[in-house]
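Enquirer: In this text, residue positions in the sequence shown follow UniProt numbering: the first is 1, and each later residue adds one. For glycine and all other residues, C-beta sits at the position ideal for the given N, C-alpha and C. Just passing along the structure, written as structure tokens.
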Amino acid sequence: MFQEKGLQHALEEIIPGVDQRFCVRHLYNNFRKRHPGKQLKDLLWRAAKSTYTQAWERTMLEMKEINDAAYKELIRLPPRHWSKSRWSGNSVYEVNHIRHDDKFIVDLRARECNCRRWALTGIPCNHAVTCMIHVNESPDTYIPAIYRKQAYGNCYNPIIFPTCGKNMWETVQTNPLQPPPFKRQPGRPKKSRRKDPSEKDDIRMSRKGLKCKCSVCGATGHNKTTCPSKPPQEGTQTQQTPNSQNTTALKVRPKLRPRRKHT
Numbered sequence: 001m002f003q004e005k006g007l008q009h010a011l012e013e014i015i016p017g018v019d020q021r022f023c024v025r026h027l028y029n030n031f032r033k034r035h036p037g038k039q040l041k042d043l044l045w046r047a048a049k050s051t052y053t054q055a056w057e058r059t060m061l062e063m064k065e066i067n068d069a070a071y072k073e074l075i076r077l078p079p080r081h082w083s084k085s086r087w088s089g090n091s092v093y094e095v096n097h098i099r100h101d102d103k104f105i106v107d108l109r110a111r112e113c114n115c116r117r118w119a120l121t122g123i124p125c126n127h128a129v130t131c132m133i134h135v136n137e138s139p140d141t142y143i144p145a146i147y148r149k150q151a152y153g154n155c156y157n158p159i160i161f162p163t164c165g166k167n168m169w170e171t172v173q174t175n176p177l178q179p180p181p182f183k184r185q186p187g188r189p190k191k192s193r194r195k196d197p198s199e200k201d202d203i204r205m206s207r208k209g210l211k212c213k214c215s216v217c218g219a220t221g222h223n224k225t226t227c228p229s230k231p232p233q234e235g236t237q238t239q240q241t242p243n244s245q246n247t248t249a250l251k252v253r254p255k256l257r258p259r260r261k262h263t
């Protein structure tokens, strides 16, 4: 595994973002040639089987106290290639926002977060950065190339040729472009624009909550149509019912004359 430096760089360039893991058995076969011993063998396998970072660090410090040369040779290999403590596993994480009591789902492989800030701006949000720090990855590797200094400089590499003025335009033989024909629509033309349903008319005052006032007697609670003091109109007669003391106006419909058939 120590002779595969060129292969590692080639894989990172061709298929970036893919985890590369070494076989620990082959790693130990190369390791024991220079550092034999059962104690170093047990420490190497214990560090490879560690499931969290703190256990891996304690094992490596124990190896450093026993054999510093073996520690320096093994620490040169990135632990994400041969130790379980640094394997990414599933790239989906759940982040709890304590201040706002919210939960967000972050997918580092798909570069998505359901807060949608990462998708809208292209820059990782604070939830995604928290996951990157948790898996010991640099947030700079997730920044798109368009936000880097090199991309900004590439915008000004080609020469921008100025355009000529109107007096230097070429004369063409085709007919000049005319606007589309205007056809007058039927009906009275509108002078005001069409307002959106959400727009409110601020000029007219709403009558909601106001009490109506009668223009005949001046009392509130009714209008002139239902006013009891309204004088009777022409062609009506009053009739008093025996069960009521109030007088109501009843309209008398004129009698219809029968039509005579002409023979």
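1. With C-beta atoms as the reference, is Glu94 less than 8 Å away from Lys84?
2. Does the distance from the C-beta atom of Leu27 to that of Trp82 stay below 8 Å?
3. Whole angstroms are fine: how far does the CA of Ile66 sit from the CA of Glu13?
4. What's the C-alpha gap between Thr248 and Asn223?
5. Run through DSSP, which three-state label would Lys72 get?
6. Is it buried or exposed for His59, if we count other Cβ within 10 angstroms and need 16 for buried?
7. Measure the C-alpha to C-alpha separation of Arg207 and Pro228 and round it to an integer number of angstroms.
8. I need the straight-line Cα distance from Val129 to Trp118, nearest angstrom please.
9. Tell me, please, which residues DSSP counts as bridged to Leu146.
10. For Val106, which of Tyr71, Cys115, Ala55 has the nearest alpha-carbon?
11. For Val172, which three-state DSSP category applies?
12. What separation, rounded to the nearest whole angstrom, lies between the Cα atoms of Lys33 and Leu120?
13. Specify the secondary structure class of Asp42 as computed by DSSP and reduced to three states.
14. With DSSP as the reference, label His134 as helix, strand or coil.
15. Tell me the DSSP secondary structure of Phe104 in three-state form.
16. Taking the C-alpha atoms as reference points, what is the distance between Asp19 and Asp101?
17. Cutting at 6 Å between CB atoms, please list the residues of its own chain near Arg80, excluding the five before and the five after it.
Expert: Well, looking at it:
1. no
2. yes
3. 38 Å
4. Note on Thr248: pLDDT 47, under 50, position unreliable in the model; no value is reported.
5. helix
6. According to the sequence shown, residue 59 is Thr rather than His. Buried is the call here.
7. 24 Å
8. Rounded to whole angstroms, the gap between the alpha carbons of Val129 and Trp118 is 10 Å.
9. As written in the sequence, residue 146 is Ile, which differs from the Leu given in the question. None, per the DSSP bridge assignment.
10. Cys115
11. coil
12. 53 Å
13. helix
14. His134: helix per DSSP, three-state reduction.
15. strand
16. 33 Å
17. Arg86
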